[in-house]
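The opening residue of the sequence shown carries number 497 in our numbering; numbering runs sequentially from there.
Even for Gly, the Cβ is constructed at its ideal location relative to N, Cα and C.
Being a predicted model, the structure only gives us computed values, none of them experimental.
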Amino acid sequence: MNFLKLISLCLRVSVVTLALLVLAGCEVERRKSDAELGLNPQQAAGRQLYDNYCDRCHEPYSSRGKKGPGLKGVFKQQYLSLSGLPANDERMSDIIKHGRAKMEGFSQVMTDQQIQDLIAYLHTL
Ligand code: HEC
Numbered sequence: 497m498n499f500l501k502l503i504s505l506c507l508r509v510s511v512v513t514l515a516l517l518v519l520a521g522c523e524v525e526r527r528k529s530d531a532e533l534g535l536n537p538q539q540a541a542g543r544q545l546y547d548n549y550c551d552r553c554h555e556p557y558s559s560r561g562k563k564g565p566g567l568k569g570v571f572k573q574q575y576l577s578l579s580g581l582p583a584n585d586e587r588m589s590d591i592i593k594h595g596r597a598k599m600e601g602f603s604q605v606m607t608d609q610q611i612q613d614l615i616a617y618l619h620t621l
């Protein structure tokens, strides 16, 4: 292999590598920190609860469904998208405590204070 061929091969390999890196970067959206999201301490505590108990079934920053509907902007609308229940703290607290058909309740898992923290975080979505 002569020198020029070798150079062009190296170039091609690095272009492909770069393209793959760029693609991978687009695919995985970096998780924002609490500070970047502008969360106060109560909301940040609520976020942790969300990660522990809700995230596996509900997307926080997308309306895309997982096991349950995405919760992006859940309090920005007047009614919950699936059940049509009013989107207010009271109904939300009921749903979290008692669950829905395919969602367990969390009254045995979280204290009332923790549910308040979680709701404070849901308001930021
Ligand atoms: C095991 C999966 C699962 C977990 C964990 C879960 N949910 Fe759900 N959730 C669902 C499903 C499925 C529904 C759809 C309603 C139904 O089951 O009838 C739902 C419905 C809801 C609704 C009502 C949506 C609407 O439009 O009516 C809210 C609000 C909600 N979940 C919030 C939460 C919160 C907050 C948590 C964390 C404490 C949580 N969920 C944990 C699966 C889950």
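Around the CB of H619, fewer than 16 other CB atoms lie within 10 Å, so the residue is classed as exposed.
Remark: the shortest separation between the CB of H554 and any heavy atom of the ligand HEC falls under 6 Å.
Three or more Cβ pairs closer than 8 Å define a contact, and the segment 533-547 falls short of that threshold against the segment 575-592. Cβ neighbours of Q610 within its own chain (closer than 7 Å, five residues either side excluded): L545. At least one heavy atom of the ligand HEC is found less than 6 Å from the C-beta of Y549.
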